[in-house]
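Which chain is which? The protein sequence lines are P and C, in order.
Last residue of the first sequence: number 352 in this note's numbering, and the count goes up by one each step with no gaps.
Last residue of the second sequence: number 281 in this note's numbering, and the count goes up by one each step with no gaps.
Glycine residues also receive a C-beta, built at the ideal position from the N, C-alpha and C atoms.
Here the structure is a predicted model, which is why all the values come from computation and not from measurement.
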Amino acid sequence: MSAFTRPRTTVSRRLGLLRCLAAVAVVIACASQILGGQSPADAQKSSDAKKAGAWTVPRTADGQPDLRGVWNYATEIPLQRPAELAGKESLTPEEAAKFREQMAARRKERQSGKPSRYSGEVFDDVLAEGDWTKRTSLITDPRDGKMPSITPHAEARRDARTAAFERPDGPEDTGLADRCILGWSTGPPIIPGNQSNVVQLFQSRDHFVIHTEMIHDARIVPLNSAPSPARIREYSGISHGRWEKDTLVIETTRFMPEGVATLTFRQSGGTDENMHLIERFTRTDANTVLYEFTITDPTIWTRPWSAAVNMLKTDERVYEYACHEGNRSLETMLENARAADKADRPTKKPPQ
Amino acid sequence: MIGRRIRTLSALIVAAAAGVLIGTFVPLASMLSAGQEAPYRAPRTADGTPDLNGVWQAMNTANWDIQDHDQRQGPLLQLGAAFSVPAGEGVVVGNEIPYQPSALATKQENAANWLTLDPEIKCYMPGIPRATYMPYPFQIVQTPEHLLFAYAFANASRVVYMNVKVEPQIDTWMGYASGRWEGETLVIESSGFNDQTWFDRAGNFHSDVLKVTERYTAISPNALQYEATIEDPKVFTRPWQMRMPLYRRLEQAPRLWKYNCVEFAEEVVYGHLRKTPKGTK
């Protein structure tokens, strides 16, 4: 049995909405606790290996840099830098060590059986092996570690969708992740969330596959061919890839107007059909794939922005993630909304 | 021409010798029918295994009914000829499915209540082998240790672990798959299924002890022979088999356009929870 047991479908979807909301909350809450740092061991691995000259990029039988394997991208580094860490791009080793202690204590408390939103959550178990670099935000550009400001159009869109979400008339008023159309951490782009931060990468001569556990999405990327001329949009966009030296660069456009679920309307107004996404996968050492992305979506953000995530090798498997098949969460959200209609009261807030 | 004749001739000689040695004409007869041409040898991947990479699709009506079926009116009269059922040859070897008597009654009940019971209508992951012969393509991406099967319908996918016995840990929709190469043939054994998927729209079903053994063999550059052996002692009296060809999609750069069908099933699943019935807003 694996170290982190995935629950049955109905269980895994039971708190789907809460998790969506909580993913954002936990990252902010954790980050606001950042006073200390961490052991720099993992962060040092890469440079040590390079110094020793012991490691070269492994290659597939076709000669491509080998990105294959199962990778864990869990992290508690927040996407955006918390206000109290303004101007501070990274933590000192002491700060990082203290932060890590705090997170360990927090995990212990959560696992103590006290009922809470996170009791028994799988996230906690994998996190210990997750990415512990010292950065204070995943966003690398702009330098302040925050998403750029959004356009007036995006603000209006965010407000309308937030209002509709408060008491959904039907499934369309909720999010793509609540509806099990896309995962909330799997993108594209991939942004770590609070569970199932596991991806299996496949390579054949002509294709690269990003097989995310969440929502069993296999994003198949043709390599070294022209972008498809077909005028087709998909929820995950249409991708094509190329090698730039030892980095795989994937360009994705033609998203649906609803955007993707990793950047929800609750955060930013959401993305839309104009997103132009560049993703880069680089094997940096035996245990790490560096994943970087840049988003340009001029109808949503006033400038492009970029982020970076370390994905660490794991012996775990990617398990089946049946989301829509057991989506009791959406049913409950709609039942709650209809009950609120009847009682003429606001919808109940999820428990804290 | 000459090469082929020589091959045929040598096959005959070998077959005759085998017939004499074994003292039966069965191997002779089978070698004669198979010996017209040498079996197809697929191109190899860089690691030397038969290359089955590509986008594939069945061309049959098995998703309507895996057994022989006459044409019949579809379930929605408004859709007329566009969604009625064409006649079609089944894919079950021998056409008989060996149901236990009580299971046959369940199958008939499933068929009678197809519109409310078939998991396809709700956009649920279709299970194996149904995913293979639904009227949508699937793509194989091969690596030496793992094969990825991605299906257009419901965005379903599964990983095949090569040369490793994968022990099912919980029930799943798409199963736990262990694969191996037997010469030209990819053999996949799957178990760990739940009892929620069906074989077709005719209500053919299985239980959670289902075991499926699939065999994929390239028979030409653009076709595979596909066989699936079904074992399920809770539902059937003996193992039985499906067999059909699968065809390569030959568009210039074929892509697996996903059928992310969840949104089309929302009315069926959540329609009763809408504030305003759809179409009246």
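Interface flag for P:F99 against chain C is unset, since no Cβ pair is found closer than 8 Å.
Around the C-beta of C:P129, 16 or more other C-beta atoms lie within 10 Å, and the residue is accordingly described as buried. Non-local beta-carbon contacts of C:R180 in its own chain, meaning distances under 7 Å to residues more than five positions away in sequence, involve M162, N163 and V187 in chain order. For the stretch 157 to 183 of chain P, residues whose beta-carbon sits nearer than 7 Å to a beta-carbon of chain C comprise D169, G170, P171, R179, C180 and I181.
Within chain P, the residues placing a beta-carbon under 7 Å from that of C:L148 are F202, V209, H211 and A218, ordered along the chain. Per the coordinates, the alpha-carbon of C:A150 lies some 7 Å from the alpha-carbon of P:A218. Nearest to P:I191 by alpha-carbon distance, out of P:S329, P:A97, P:A307 and P:A61, is P:A307.
Within the stretch 262 to 295 of chain P, no residue places its CB atom closer than 8 Å to a CB of chain C. For the stretch 317 to 333 of chain P, the set of positions with a beta-carbon nearer than 7 Å to some beta-carbon of chain C reads V318, E320, A322, H324, E325, L330 and E331 in chain order. Around the beta-carbon of P:E172, fewer than 16 other beta-carbon atoms lie within 10 Å, marking it exposed. If you keep only unbroken alpha helix (DSSP H) runs of at least 4 residues inside the stretch 249 to 328 of chain P, you get 265 to 268. P:R233 and P:F255 have their alpha carbons spaced roughly 6 Å apart.
According to the DSSP assignment, C:W114 belongs to the alpha helix (DSSP H) that extends over W114 to L117. Between P:V221 and P:G241, the C-beta spacing is below 8 Å. Residues of chain C whose Cβ lies closer than 9 Å to the Cβ of P:A61 are, in chain order, T45, A46, D47, G48 and P144. Put simply, the backbone Cα of P:H153 is about 18 Å away from that of P:H276. The CB of P:E251 never comes closer than 9 Å to any CB in chain C; the least such distance is about 15 Å. With respect to C:R158, C:M134 sits apart: the two C-beta atoms are not nearer than 8 Å. By the C-beta criterion, the stretch 80 to 87 of chain P is judged to be in contact with the stretch 134 to 152 of chain P, since at least 3 inter-stretch pairs fall below 8 Å. In the DSSP annotation of this structure, the continuous segment of the alpha helix (DSSP H) that includes P:D159 starts and ends at P152 to E166.
Here C:F264 is exposed: its Cβ has fewer than 16 other Cβ atoms, across all protein chains shown, within 10 Å. Between C:L117 and P:E331, the CB-CB gap reaches or exceeds 8 Å. In the structure shown, P:S196 adopts coil according to DSSP, grouped into three states. Counting the other CB atoms within 10 Å of its CB gives C:F83 a total below 16, which places it among the exposed residues.
Proximity to P:G187 across P:R59, P:E279 and P:V318 peaks at P:E279, based on C-alpha coordinates. The residue among C:R249, C:Y226 and C:P233 with its C-alpha nearest the C-alpha of C:M242 is C:Y226. Residues of the stretch 116 to 144 of chain C that bring their beta carbon within less than 7 Å of a beta carbon in chain P comprise C123, Y124, M125, Q139, V141, Q142 and T143, in sequence order. DSSP places C:E109 within a helical segment (H, G or I) once states are collapsed to three. Of the candidates C:S102, C:Y247, C:T143 and C:N95, C:S102 places its Cα closest to the Cα of C:S207. Of all C-beta pairs linking the stretch 228 to 244 of chain C to the stretch 87 to 104 of chain C, three or more are shorter than 8 Å, placing the two stretches in contact. The stretch 81 to 97 of chain P makes no contact with the stretch 152 to 169 of chain P; the number of CB pairs closer than 8 Å stays below 3. P:S228 reaches chain C at A253 and R255, counting residues in chain order whose Cβ is nearer than 9 Å. Judged by their CB atoms, C:R41 and C:E184 are nearer to each other than the 8 Å cut-off. Not one beta carbon of chain C lies nearer than 8 Å to the beta carbon of P:I191.
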